[in-house]
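As given, the protein sequences belong to chains A and B, one line each in that order. So the first sequence is numbered by our numbering: it starts at 24 and just counts up by one. So the second sequence is numbered by our numbering: it starts at 24 and just counts up by one. All C-beta atoms in this analysis are idealised placements derived from N, C-alpha and C, irrespective of residue type, glycine included. Below you'll find the structure, written out as structure tokens, and then a few comments.
Protein chains: 2
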Amino acid sequence: MNLNYRHLQYFWVVAKEGSVTRAAERLGVAVQTVSGQIGQLEKSLGRTLFAPQGRGLVLTEAGRIALGYADQIFLLGEQMTDALLDGAAEKPRLAVGISDALPKLVAYRLIDAALGLSMRPVCYEGKFENLLADLALHRLDVVLTDRPADLMSNLRVFSHSLGEWDIMIYGSGMLAGRFRAGFPQSLDGAPMLLPTRNNALRGRLDQWFQSNSIRPDVVGEFEDSALLMTFGRTGLGLFPAPVALAGDVAEHFNAESVGLVPGVQEHYYAISSERRIRHPGVEAILSVPRNLDSEAGDASDIMSNQLEKGGGSGGKG
Amino acid sequence: MNLNYRHLQYFWVVAKEGSVTRAAERLGVAVQTVSGQIGQLEKSLGRTLFAPQGRGLVLTEAGRIALGYADQIFLLGEQMTDALLDGAAEKPRLAVGISDALPKLVAYRLIDAALGLSMRPVCYEGKFENLLADLALHRLDVVLTDRPADLMSNLRVFSHSLGEWDIMIYGSGMLAGRFRAGFPQSLDGAPMLLPTRNNALRGRLDQWFQSNSIRPDVVGEFEDSALLMTFGRTGLGLFPAPVALAGDVAEHFNAESVGLVPGVQEHYYAISSERRIRHPGVEAILSVPRNLDSEAGDASDIMSNQLEKGGGSGGKG
DNA sequence: ATTTTTCCTTCGATAAAATCGAAGCATGAA
DNA sequence: TTCATGCTTCGATTTTATCGAAGGAAAAAT
Chain A
24 MNLNYRHLQY
34 FWVVAKEGSV
44 TRAAERLGVA
54 VQTVSGQIGQ
64 LEKSLGRTLF
74 APQGRGLVLT
84 EAGRIALGYA
94 DQIFLLGEQM
104 TDALLDGAAE
114 KPRLAVGISD
124 ALPKLVAYRL
134 IDAALGLSMR
144 PVCYEGKFEN
154 LLADLALHRL
164 DVVLTDRPAD
174 LMSNLRVFSH
184 SLGEWDIMIY
194 GSGMLAGRFR
204 AGFPQSLDGA
214 PMLLPTRNNA
224 LRGRLDQWFQ
234 SNSIRPDVVG
244 EFEDSALLMT
254 FGRTGLGLFP
264 APVALAGDVA
274 EHFNAESVGL
284 VPGVQEHYYA
294 ISSERRIRHP
304 GVEAILSVPR
314 NLDSEAGDAS
324 DIMSNQLEKG
334 GGSGGKG
Chain B
24 MNLNYRHLQY
34 FWVVAKEGSV
44 TRAAERLGVA
54 VQTVSGQIGQ
64 LEKSLGRTLF
74 APQGRGLVLT
84 EAGRIALGYA
94 DQIFLLGEQM
104 TDALLDGAAE
114 KPRLAVGISD
124 ALPKLVAYRL
134 IDAALGLSMR
144 PVCYEGKFEN
154 LLADLALHRL
164 DVVLTDRPAD
174 LMSNLRVFSH
184 SLGEWDIMIY
194 GSGMLAGRFR
204 AGFPQSLDGA
214 PMLLPTRNNA
224 LRGRLDQWFQ
234 SNSIRPDVVG
244 EFEDSALLMT
254 FGRTGLGLFP
264 APVALAGDVA
274 EHFNAESVGL
284 VPGVQEHYYA
294 ISSERRIRHP
304 GVEAILSVPR
314 NLDSEAGDAS
324 DIMSNQLEKG
334 GGSGGKG
């Protein structure tokens, strides 16, 4: 009994894309191929990884477990290829892990700062915990995310605030015009795309809605903020994003501002494995927010999730 | 450009076995298959992974890098298969990581204690750092090793001493008899197999040799202690091992005791991700040494490499 | 209620790959 | 030199992956 990594790779793409059809498209093969290979994987493991739901598929419990491993495995594979393919070139690399929930545009803005230093960014996405583990193992230089590292985690990493980014509600074309008048009360009943409930910003927005007696019609919830905005682009609903990205949001998602959400900020963090940043690329990233959105003053202090004075080792008796 | 994981797997086995021929044997395919597939991998990466040396092969620099990744990738694959294949059975699992330097017999003795609890041990080997990372991610319950977790590590883990194991010099057949008389001075000039210099026991032994003006003839150095003893079995030289294993050493390695090394002990450690052990299997392992070699008293205190009072987080301003 | 559309799956033929036998080529030992 | 060992190359063969065609089942549209 041996694991077939090609099957696993197909499984991984399907799980990521959420559909056999899209996975087949991305892989450049026919759907029935993908379907068949996954069937073989399930047979060899003796467990079903997907269960039919509607006309689509959802991961089973075993599937979720497998996805966790697959993420790690193929992240390593990519990293290996990166390290070997042009590792000879040895240009200064900046290995960045990007959390799903972080808007891609924010990530771009942050990493862009390092490009000026003729750094070659190598970006990976993945589950928050796995990215932190890679950080601890020095496979990544920094992780960009929307929440500080969990205090309960077993990894000793350091969270650096990238400041507070004011949040604005956007809408594509007609939507923006329709709800701009009478903001924010106009949002009552308005179609809205929001992050899923495990997201910090979602909590703050819900609170703000409640205190203003606004009950939006939540037409979609997304873990991946890029996906959220892509749906927003189609006019499915209004959506939140940082004020600082207004230009980019207009350009890429064809959306205009509806109104500023007062008192609600999104927090972004750069997580490093060292308290004291040494990598020039990471330093560049940390210096971004002060130039970007901080009319309100410098809000970039360092939060450590660990006591630094390590080594409470008791010798033996 | 896409990494072919089957090719990588062949590369991995060849690198581990040190020879295409043996790898082919282990994989159950013809040598020219293995050779061909590795050639394709090298072509797709644009780098040679093996260089000919004599009539064999050695890893190139790129090959060593690739091996590091491959180790991780296929360890994950194994773990995934383990987790899924009979995960349904959900017998209590005890996932143990075993450091290379730990004698397999010691590992066996320790894990054996958990078997009484009808635990199903799942053992992995690997580089120390990688095992610790797996521990921090809760993919392993405990790591058994010959040194405490590095204080400098970015992982928050706890090292529990498994006591001090007195060390004895062993030798197979004739060797033992030849050097037993006049021990320890007889060791001067004696052929000796020792751990590599990065090993803690090696340091202590060297010190003891020096203070007794003994200069053994070091005929071999090994990272893997099982390999060391296997060579010892052939009569290549004397070798050190814990006294407590005398019976096993005699049985498996056909070697008798030459003499006790006074004042030199080997330290073993169980590393866990929690300060307070909860897993009954891990508890069983921790209780072993007291029953095994401690006429000299109980020497099982807990060493933490971390201050426990976590959460030195500074809020934002 | 029915049709249509959208997905996923199954079946058998076809294309691609991995594999193996045979032969060749180096290196170190006899 | 000759032999033994270990890796590689070449072409035939087997195994595996892939795709066209057809079918079924759930949601959306009528």
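Query - 8 angstroms Cβ shell around A/TYR28 - same chain, five flanking residues per side excluded - result: ILE96
Requested in this report: Answer with buried or exposed for A/ASP240, where buried requires no fewer than 16 other C-beta atoms within 10 angstroms of its C-beta.
Outcome: exposed
Query raised in the report: What is the rounded straight-line gap between the Cα of A/LYS127 and the Cα of B/TYR131?
Result: 50 angstroms
Query - A/GLY79 versus A/ARG143, A/PRO263 and A/VAL43, residue with shortest Cα-Cα distance - result: A/VAL43
Query raised in the report: Taking all protein chains shown into account, do 16 or more other C-beta atoms lie within 10 angstroms of the C-beta of B/PRO214, making it buried, or fewer, making it exposed?
Result: buried
Query raised in the report: Looking at A/VAL287 and A/ILE190, is the spacing between their C-beta atoms short of 8 angstroms?
Result: yes
Requested in this report: Label A/PRO75 either buried or exposed according to how many other C-beta atoms from any shown protein chain fall within 10 Å of its C-beta, with 16 as the threshold for buried.
Outcome: exposed
Query raised in the report: A/GLY100 CB to nearest chain B CB: under 8 angstroms?
Result: yes
Query raised in the report: Is the stretch 82-89 of chain B in contact with the stretch 48-61 of chain B, if contact means three or more CB pairs nearer than 8 angstroms?
Result: no
Query raised in the report: Among A/SER234, A/LEU259 and A/ALA172, which one has its Cα closest to the Cα of A/MET197?
Result: A/LEU259
Requested in this report: Count the other C-beta atoms from every protein chain shown that fall within 10 angstroms of the C-beta of A/PRO115, then say buried if there are 16 or more, exposed otherwise.
Outcome: exposed
Requested in this report: List the endpoints of the continuous beta strand (DSSP E) containing A/THR104.
Outcome: First-last for A/THR104: 84-108, but that is the alpha helix (DSSP H), not the beta strand (DSSP E).
Query raised in the report: What is the DSSP secondary structure of A/ILE300, reduced to helix, strand or coil?
Result: coil
Query raised in the report: So, does the CB of A/THR104 fall closer than 8 angstroms to a CB anywhere in chain B?
Result: yes
**Report entry** Short Cβ contact (8 angstroms threshold) for B/LEU217 with B/GLU244
**Finding:** yes
Report task. Give me whichever residues DSSP pairs with A/THR168 in a beta bridge. Result -> A/TYR292
Query - Residues that A/ALA47 contacts on chain B, provided the C-beta gap is smaller than 9 angstroms - result: In chain order: nothing, as chain B lies at least about 15 angstroms away.
Requested in this report: Using a Cβ cut-off of 8 angstroms (strictly closer), state whether A/ALA89 contacts chain B.
Outcome: yes
Report task. Identify which residue in A/GLY139, A/ASP135, A/TYR147 and A/LEU140 has its Cα closest to the Cα of A/SER122. Result -> A/TYR147
Query raised in the report: Considering only C-alpha positions, which residue in the set B/GLN208, B/HIS290, B/THR253 and B/GLU187 is nearest to B/GLN233?
Result: B/GLN208
Query raised in the report: Listing by chain order, which chain A residues have their CB less than 7 angstroms from the CB of B/LEU68?
Result: LEU107 and LEU108
Query raised in the report: Is it right to say B/ALA293 is buried, meaning 16 or more other beta carbons lie within 10 angstroms of its own, or is it exposed?
Result: buried
Query raised in the report: Does DSSP classify B/LEU216 as helix, strand or coil?
Result: strand
Query raised in the report: With distances taken between CB atoms, is the gap from A/ASN222 to A/ARG256 smaller than 8 angstroms?
Result: no
Report task. Look at B/GLU246 and B/ALA156 and say whether their C-beta atoms are less than 8 angstroms apart. Result -> no
Query raised in the report: B/GLN160 by DSSP, collapsed to three states: which one?
Result: Reading off the sequence, residue 160 of chain B comes out as Leu, not Gln. Of the three classes helix, strand and coil, the one that applies to B/LEU160 here is coil, per DSSP.
Requested in this report: Would you tell me roughly how many angstroms separate the C-alpha atoms of B/LEU138 and B/PHE262, rounded to the nearest one?
Outcome: 30 angstroms
Report task. Could you check the C-alpha separation between A/LYS66 and A/VAL119 for me, to the nearest Å? Result -> 36 angstroms
Query raised in the report: DSSP state of A/MET142, grouped into three classes?
Result: coil
Query raised in the report: Would the beta-carbon of A/TYR92 fall within 8 angstroms of that of B/MET103?
Result: yes
Query - Candidates B/ASN235, B/GLY212 and B/ALA267, of which the one nearest B/VAL242 by Cα - result: B/GLY212
Query raised in the report: Along the chain, which unbroken stretches of the beta strand (DSSP E) at least 3 residues long are found entirely within the stretch 42-82 of chain B?
Result: 73-76 and 79-82
Report task. Give a yes or no on whether the minimum CB-CB distance between A/ARG170 and chain B is below 8 angstroms. Result -> no
Requested in this report: Anything in chain B within Cβ reach of A/GLN288, meaning under 8 angstroms, just list it in chain order.
Outcome: Within 8 angstroms Cβ-Cβ: nothing; A/GLN288 doesn't reach chain B, min ~10 angstroms.
Query raised in the report: What three-state label does DSSP hand A/GLY258 in the structure shown?
Result: coil
**Report entry** C-beta neighbour in chain A for B/LEU26, strict 8 angstroms
**Finding:** yes
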